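Just so you know, the protein sequences line up as chains B and U, in that order. Using the working numbering, count along the first sequence one by one with no gaps and you end on 967. Using the working numbering, count along the second sequence one by one with no gaps and you end on 967. Here is the structure we will look at, set down as structure tokens.
Number of protein chains: 2
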Amino acid sequence: MASPDDDQDSFPTDYEIAQSTEMEPIWDLLEPWDLGNDDLQYYGEYKAKVEHHAVERLREDAEDREQNLVLVTGMTPTPLGEGKTVTTVGLGQTLNHIGEEAMIAIREPSLGPVFGVKGGAAGGGYSQVLPMEDINLHFTGDLHALTSAHNLIAAMLDAKLSQGNELNMDVNEVSWPRALDMNDRALRETVIGLGGKTGGTPREDGFLLTAASEMMAVLCLAEDLGDLKERVARVIVAYDDDGEPVTVDDIEATGPVTMLLRDAIKPNIVQTIEGTPAFVHGGPFANIAHGTNSLIADKAAFGMGDYLVTEAGFGSDLGAEKFMNIVCRLGDMTPNAVVLVSSVRALKYHGQDMWPADFDAIEESGIDAVERGFENLDKHVENLQKFGVPVVVAVNRFPEDSDEEVQTVLDHCRDDLDVRAAESTVFAEGSEGGVDLAERVVGAVDENDPEDFTHLYEDEASIKEKIETVATEVYGADGVNYTGSAEDDIERMEELGFEEFPVCLSKTFHSLSDDASKKGAPEDWTLEVREIYPSAGAGFLVALTGDVLTMPGLPADPAAADMDIDADGNISGLF
Amino acid sequence: MASPDDDQDSFPTDYEIAQSTEMEPIWDLLEPWDLGNDDLQYYGEYKAKVEHHAVERLREDAEDREQNLVLVTGMTPTPLGEGKTVTTVGLGQTLNHIGEEAMIAIREPSLGPVFGVKGGAAGGGYSQVLPMEDINLHFTGDLHALTSAHNLIAAMLDAKLSQGNELNMDVNEVSWPRALDMNDRALRETVIGLGGKTGGTPREDGFLLTAASEMMAVLCLAEDLGDLKERVARVIVAYDDDGEPVTVDDIEATGPVTMLLRDAIKPNIVQTIEGTPAFVHGGPFANIAHGTNSLIADKAAFGMGDYLVTEAGFGSDLGAEKFMNIVCRLGDMTPNAVVLVSSVRALKYHGQDMWPADFDAIEESGIDAVERGFENLDKHVENLQKFGVPVVVAVNRFPEDSDEEVQTVLDHCRDDLDVRAAESTVFAEGSEGGVDLAERVVGAVDENDPEDFTHLYEDEASIKEKIETVATEVYGADGVNYTGSAEDDIERMEELGFEEFPVCLSKTFHSLSDDASKKGAPEDWTLEVREIYPSAGAGFLVALTGDVLTMPGLPADPAAADMDIDADGNISGLF
């Protein structure tokens, strides 16, 4: 998220910076990277998808590359975000600036957050991907294709249900909601199928944000189109009267759904503000899904540079844990360094044990609040070290931060935690502001022994062992309390043969615990798991903890209300 | 709709024909038409949008062109369609083949019908637009952009409603549903906003197919981006406690909604199977909306050729009436000839007064059924002649038609009706099969006096006069019966100052009457109008008659179930 500071009147907006940047046509930009006309499917002059045959070729090229994988994650953020995407883009730019060959891979934005809160998801300042307005709006249509694919399954399911129900689906056990790429709280809980016989079968239903659809997770974990089709076929959409799963294949939707995703699975490539090629592809939630861009983009990127800088949603407890335990496991990848993005603002937020965030109070607080906030930072560092990957803390500097505050964080990391740490001003300065960070990342990668990398649990561990490992080792809980249908769900998952799947815990990102109001590193608490269900196409089990929203709402004053476009097509209000 | 015959095993499918056609890259194809790199926004190698400045230039070029406007419409069709798009594309190809310079403009397909019934909407056989699979799937994302725009309005409206309702909107007078581009009967009637306070305000709601959204009508009638924005602002989404309209502008959605339509308003250009450039842009329903492609595409096309062949949805009673009375009025255009597509199949259907259609019985019936079906054809010819435009009947030949059957239709048209008529085999033969038709169209255009063109009613006529004119003159009703809220609605429309809008009557396409089961040219009946509401952005009043579905459902065996894609991306089942 961009998070330009509202007070920062003199600094241009992300959109102004983007507009003042001369982009290279994507065909010219990619020529030195051996991607030609036949390899690319253009979407206007500055966006392209990489065709399947070219992705295959890049995968082969990767064998001659170093494949240094750098994951960017963050401490527990304020609701405005602490600049993970900015740091990811800035670090990628800077690695090239200091003479390495580096690629970037990030998630693509969802329209929901774009219109809901003030911020796109294309980085910000002098570390963004371009054209930011296209990327933040419809981009190459991937989210729309996923929405269509998701809702075709729902429509075909309800058609089967109301026209004979030959599969004997239990109307109370339909597990496939509908989806929209729009923050719309009124669609969270609905009743559908009203209006008599021609209106289908009346039942409770709800809508997810498309980023929360299993279709998104499936797209992001698929190896190629064939694998995508097999994953789509396996997705469970309902259970029948005997409790047996009904899949997408059972309702005859595998073919048309895969067909709808035919282009969406091709990775999108664009350029950063400094002309570094960047994949922007796939954008799963980091709670009920795994929170990182597509594996296809990662694998292609390994063939284009020696470094790949990629990003995991939210903190070490969410996106990063899932990246290590799920994505690297399924995709057979090894991270060589992790960058943990911190900010003085977030430290003060934790240091004041504040909920909800009061940004005026944060700005007024002093160095002691920063120091009290270390508790949160330290736990994230500790979490990441458990995976056997070197950690580099990036302090993403905001204009209001004092030198003393920034230095205090750096000293704490270096002296107390004994980890690498660097200030980053890539937002305001581009790669000029990331040199120290980039050099420390290179140092960490050079020193790293890939053999040290470890998942926190084995495939063979029981479902409860897996959940408890994440809860206690990463979240800092004392243990796990299973409520609701959780115990029954685990039994069913075992019966269905899903016990070897990794677990994807859905938890709030506002706290390391399952209680959004708790800041720092909460202790003496028990994680409550209330439901477990399979994402059989993605290949993991989702464990729901507390209340996790899969369909956000618009605030009283949504970002959309400040957006405009004039008759000549000039946009305003899209940060 | 393509309507290849199922029995016709030896004839290749539309997709097979499309795949065996060598397309020219769109940049090469359009070079001779003075459209260069700067004028086009590419979507892959074979699709492009024409940029605003190039549309403006083409509009100026049109002043030096003949601007012969040929509208293709049809008799009351069977549920499989009688080949209007095939004829439109085929005629456009043939006009070029015989030495004229002709352009084509048609609507873009909706995913709903594509997955619902067997048929895309890109023409068929040797008269289709390419790449047909792209056009039938996501194309350039226009439908998705419209869906997003529509649903952003809904989400912002419900957010206002549940967070203070400062506009005092009446929860029972929200007139803006939600929309999806998917046939999903379970979403026709819903209850939303459940789940307590955070879930919004509970209320009845429903979903339209995106093609039925006023956003689609607005896009298709807008002159340019500035005009689009003004139209969006005017759209009425609810009424307040005093009965005053609440608009898109009132809920602060004008800017972001127009922003979402920034690319969608640029017309899409592709090629036919014979390399004729064709605009494929916008696809409004022909019942609650006006049923023809965008005005922007028409106006641009006039600058590229001396002829423009375009298409109106369904028959003379729906798309064509609306084209003449609404589109030509708002867009200041004059049609120079109308092609009325007929088929032996449709004539037999009407001749047997059959409902629902039994295609085996149709095929088995003889020449006497054809002759009894003339009643329907004659009424459509009569309707079109009322507008003062010459009519050419095209008999779209199917493989099972006998020479005698076809000749009987031609003789009837020429001898009994004294109109031009020609057999068309453009489906099977491309432009070779359209020469007689094209020559007769040229003859009709040459003979036509544009001064003869007339709308059926004046702006100043009362709302009831307008409705009654269409009902009696076009549908053949004895009069109009106002039920439900219709009388009150008319009063309100007058109070709101909308009485000068043209009227858009929403009626079934299965019959000239408002009863789908009645074939031929029904007499001795009264049109029932039950509700009237303004499409204030589009600039017309919608009058609802009978039950018109704005959200179709999937049949028990949807077309989607037969569609597939293999690991190499080869599609099947998409006709």
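Note that CB positions come from ideal geometry on N, CA and C, so glycine has one too. Model, not experiment: these values are computed from the prediction.
Could you check whether the Cβ of M955/B sits closer than 8 angstroms to any Cβ belonging to chain U? yes
Length of the line joining the Cα atoms of P637/U and Q433/U: 38 angstroms
Roughly how many angstroms lie between the CA atoms of T864/B and T465/B, to the nearest whole one? 20 angstroms
For a cutoff of 8 angstroms on Cβ pairs, would you count P505/U as touching chain B? no
Compare the C-beta of S540/B with all C-beta atoms of chain U and state if any pair is closer than 8 angstroms. yes
Could you check whether L579/U and P944/U sit closer than 8 angstroms to each other, using their CB atoms as the reference points? no
Which two residues bound the contiguous alpha helix (DSSP H) that contains C612/B? 606-613
Can you list the residues of chain B that V583/U reaches, using a CB-CB cut of under 8 angstroms? T582, V583, L586
Stretch pair the region 761-779 of chain U + the region 703-722 of chain U: three plus CB contacts closer than 8 angstroms: yes
Measuring CB atoms only, is the region 462-479 of chain B touching the region 717-736 of chain B, in the sense that at least three cross pairs come out at less than 8 angstroms? yes
Over the uninterrupted beta strand (DSSP E) stretch that includes Y435/U, give me the two end residues. 432-435
List, in order along the chain, the chain B residues whose C-beta lies closer than 7 angstroms to that of Y435/U? Y435
Alpha-carbon to alpha-carbon, L613/B and M885/B: 21 angstroms
Mind checking if M574/U is an interface residue toward chain B, Cβ cutoff 8 angstroms exclusive? yes
Please confirm whether N543/B has its beta-carbon closer than 8 angstroms to some beta-carbon of chain U. yes
Below 8 angstroms on the Cβ atoms is my guess for A811/B versus K858/B; work out the distance and round it to an integer in Å. The question names Ala, but residue 811/B in the sequence shown is Val. Actually they are not in contact, since the Cβ atoms of V811/B and K858/B sit about 27 angstroms apart, beyond 8 angstroms.
Under the three-state DSSP convention, the category R570/B falls into: strand
Could you please give me the residues that DSSP links to P926/B through a beta bridge? L933/B
Measuring straight from C-alpha to C-alpha, what distance separates D398/U and D793/U? In this prediction, D398/U scores a pLDDT of 45, lower than 50, which makes its location untrustworthy; the coordinate-derived value is nonetheless stated afterwards. Distance between the alpha carbons of D398/U and D793/U is about 14 angstroms.
If I follow the unbroken alpha helix (DSSP H) through F893/U, where does it start and stop? Taken as a continuous stretch (DSSP letters only), F893/U belongs to no alpha helix (DSSP H), as it is neither H nor E.
Give a yes or no on whether 8 angstroms exceeds the smallest Cβ distance from E644/U to chain B. yes
Got a sec, what are the start and stop residues for the beta strand (DSSP E) V733/B sits in? 729-734
Entirely within the region 676-748 of chain U and at least 4 residues each: give me those alpha helix (DSSP H) ranges in chain order. 687-693, 720-723, 736-743
Q411/U versus L421/U - alpha carbon distance: 18 angstroms
Note down, in chain order, all residues in the region 402-432 of chain U with a beta-carbon under 7 angstroms from any beta-carbon belonging to chain B. none
8 angstroms Cβ cutoff, R451/B in contact with chain U: no
Answer yes or no: does any C-beta atom of chain U fall closer than 8 angstroms to that of G675/B? no
Could you please tell me which residues of the region 675-690 of chain B, in chain order, have their CB closer than 7 angstroms to any CB of chain U? none
What span of residues does the alpha helix (DSSP H) with G466/B cover, start to end? Run containing G466/B: none in the alpha helix (DSSP H); it sits in the beta strand (DSSP E), 460-466.
Tell me, please, which residues DSSP counts as bridged to M561/U. D632/U
Q520/U - partner residues in DSSP beta bridges: G515/U
Sequence-distant residues of the same chain with beta carbon closer than 7 angstroms to F694/B, five excluded per side: A454, R457, Q459, L700
Give the C-beta separation of I498/U and V672/U to the nearest angstrom, bearing in mind that I take them to be a contact with Cβ-Cβ under 8 angstroms. 6 angstroms
Contact residues within the region 625-642 of chain U, judged by C-beta distance below 7 angstroms to chain B: none
For a quick check, are the C-beta atoms of G780/U and T684/U less than 8 angstroms apart? no
Please state the DSSP three-state secondary structure of Y874/B. strand
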